[in-house]
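Contents: one structure, followed by commentary.
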Amino acid sequence: MVRHGTIATMTEPTANAASDGSRRDRRGRRSRRPRRRVSVVGVFGELLVTAGVVVLLFLGWQTWWNSAVLSSQQTSAAAQQSKDWLSFGHEKVTPDPTATPGSTEVPAPPVEKEPKQAEPLAVIYIPRFGSDWKRIVRESVDVESVLNSFDAGVGHYTGTAMPGQVGNFAVAAHDTGYGNAFIDVSKLRIGDPIYIQTPQGFYTYRFRNYEYVQPSAVTVLLPVPREKDVKPTQRLITMTTCNPPYHAQERIAAYGVFDSFQKTPPTAIAKQVGK
Amino acid sequence: MYAALWHVLPGPVWVRILILLVLLAAVLYVLVTWVFPWVDGMMQANEEGTVAV
Numbered sequence: 017m018v019r020h021g022t023i024a025t026m027t028e029p030t031a032n033a034a035s036d037g038s039r040r041d042r043r044g045r046r047s048r049r050p051r052r053r054v055s056v057v058g059v060f061g062e063l064l065v066t067a068g069v070v071v072l073l074f075l076g077w078q079t080w081w082n083s084a085v086l087s088s089q090q091t092s093a094a095a096q097q098s099k100d101w102l103s104f105g106h107e108k109v110t111p112d113p114t115a116t117p118g119s120t121e122v123p124a125p126p127v128e129k130e131p132k133q134a135e136p137l138a139v140i141y142i143p144r145f146g147s148d149w150k151r152i153v154r155e156s157v158d159v160e161s162v163l164n165s166f167d168a169g170v171g172h173y174t175g176t177a178m179p180g181q182v183g184n185f186a187v188a189a190h191d192t193g194y195g196n197a198f199i200d201v202s203k204l205r206i207g208d209p210i211y212i213q214t215p216q217g218f219y220t221y222r223f224r225n226y227e228y229v230q231p232s233a234v235t236v237l238l239p240v241p242r243e244k245d246v247k248p249t250q251r252l253i254t255m256t257t258c259n260p261p262y263h264a265q266e267r268i269a270a271y272g273v274f275d276s277f278q279k280t281p282p283t284a285i286a287k288q289v290g291k
Numbered sequence: 075m076y077a078a079l080w081h082v083l084p085g086p087v088w089v090r091i092l093i094l095l096v097l098l099a100a101v102l103y104v105l106v107t108w109v110f111p112w113v114d115g116m117m118q119a120n121e122e123g124t125v126a127v
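Note that the protein sequences, when read in sequence, are chains A and B.
The opening residue of the first sequence carries number 17 in the working numbering; numbering runs sequentially from there.
The opening residue of the second sequence carries number 75 in the working numbering; numbering runs sequentially from there.
Below you can see the structure in the form of structure tokens.
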């Protein structure tokens with residue numbers, strides 16, 4: 017019926033067609049169709065709004081979703097690495113030849129060779145960051161293969177000291193995003209333990225102080241931080257990350273001092289090592 | 075564009091809403107699984123580390 021009418025109006029004068037059309041409008045859905053117009057501006061606007069929503073979604077995904085996923089992956093990767101080293105670490109246990117019975121002097125801890133780019137050299141535990149917080153430390157601070165990686169999160173500045181070595185064992189990690197490894201760095205208190213596990217055993221460093229610096233302040237990585245051409249006598253750890261959280265205008269450097277070395281897991285983290 | 079989509083969808087209002095939700099979920103899945111990681115990778119290429127982030 018409607019179809020007949022439509023064809024008929026096409027042959028009729030314009031005035032008739034208009035009245036005919038309005039009559040049909042009241043009757044049903046079908047006749048409403050010709051009134052809908054697709055506006056170019058309207059579609060463009062909708063596309064822009066959609067693009068805006070997608071960008072916001074991406075930022076949310078990057079900051080929260082992806083970071084939470086990476087954080088859990090990095091934690092389990094660290095647990096696996098820790099377990100592997102524990103099992104073959106025991107075979108490597110050798111009595112320290114420099115240790116003399118009855119000596120009060122603390123023997124120098126073992127020092128591993130610096131590994132190749134992106135290879136794991138340590139698992140870092142910082143109880144202040146949470147009882148289950150741990151990360152693999154890989155060689156270099158390459159963004160893609162180390163800092164943003166699902167099985168690392170913390171990177172060792174190539175050329176700086178290795179764990180236990182005299183000088184500055186310098187590492188970096190994101191504060192927010194990509195696993196939030198060092199998000200809680202500013203919560204450290206003086207004396208807080210920082211445990212570094214390598215195939216050799218466990219090194220304990222203790223947090224000493226912070227320094228807030230510009231991103232260009234690479235002197236925090238020197239063997240004696242901030243002092244050029246000075247021969248180091250101490251074993252230090254330096255942890256660098258972005259500051260403030262969610263931004264990157266500054267860097268925060270957290271320094272720690274070597275305290276002790278032992279073959280077996282320290283009591284404080286014994287429960288979570290290799291788990 | 076979205077008005078046109080609404081009219082193209084069949085069935086009563088609740089069926090259309092259901093279809094839209096399924097479509098939205100599919101779009102989100104594609105974004106999170108492929109698009110966002112890809113964009114993220116593109117952005118990393120432009121990053122430079124000094125005292126790293």
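Here a beta-carbon is modelled for each residue, glycine too, at the ideal position from N, C-alpha and C.
Remember, it's a predicted structure, so these values are computed and weren't measured experimentally.
A direct Cα-Cα distance of roughly 15 Å separates ALA99(B) from TRP77(A). Counting only the Cα atoms, GLY58(A) lies some 45 Å from ARG267(A). Judged by DSSP in its simplified three-state form, PHE198(A) adopts coil rather than helix or strand. Taken in chain order, no unbroken stretch of alpha helix (DSSP H) lies wholly in the region 199–225 of chain A with a span of 4 residues or more. In this structure, the straight-line span from the alpha carbon of TYR228(A) to that of SER87(A) is close to 25 Å. Against chain A, the CB of LEU105(B) has a partner CB under 8 Å away; the residue lies at that interface. The continuous beta strand (DSSP E) containing VAL273(A) extends over residues 266–278. At a cut-off of 8 Å between beta carbons, MET75(B) contacts chain A. Using a CB distance below 8 Å, the part of the region 67–78 of chain A facing chain B consists of VAL70, LEU73, PHE74, TRP77 and GLN78, ordered along the chain.
Beta-bridge partners of TYR173(A) (DSSP): none assigned. Using beta-carbon distances, VAL113(B) counts as an interface residue toward chain A, with a partner under 8 Å. Taking the C-beta atoms as reference points, LEU163(A) is found nearer than 8 Å to ALA189(A). For GLU155(A), the uninterrupted beta strand (DSSP E) run begins and ends at 150–155, by DSSP.
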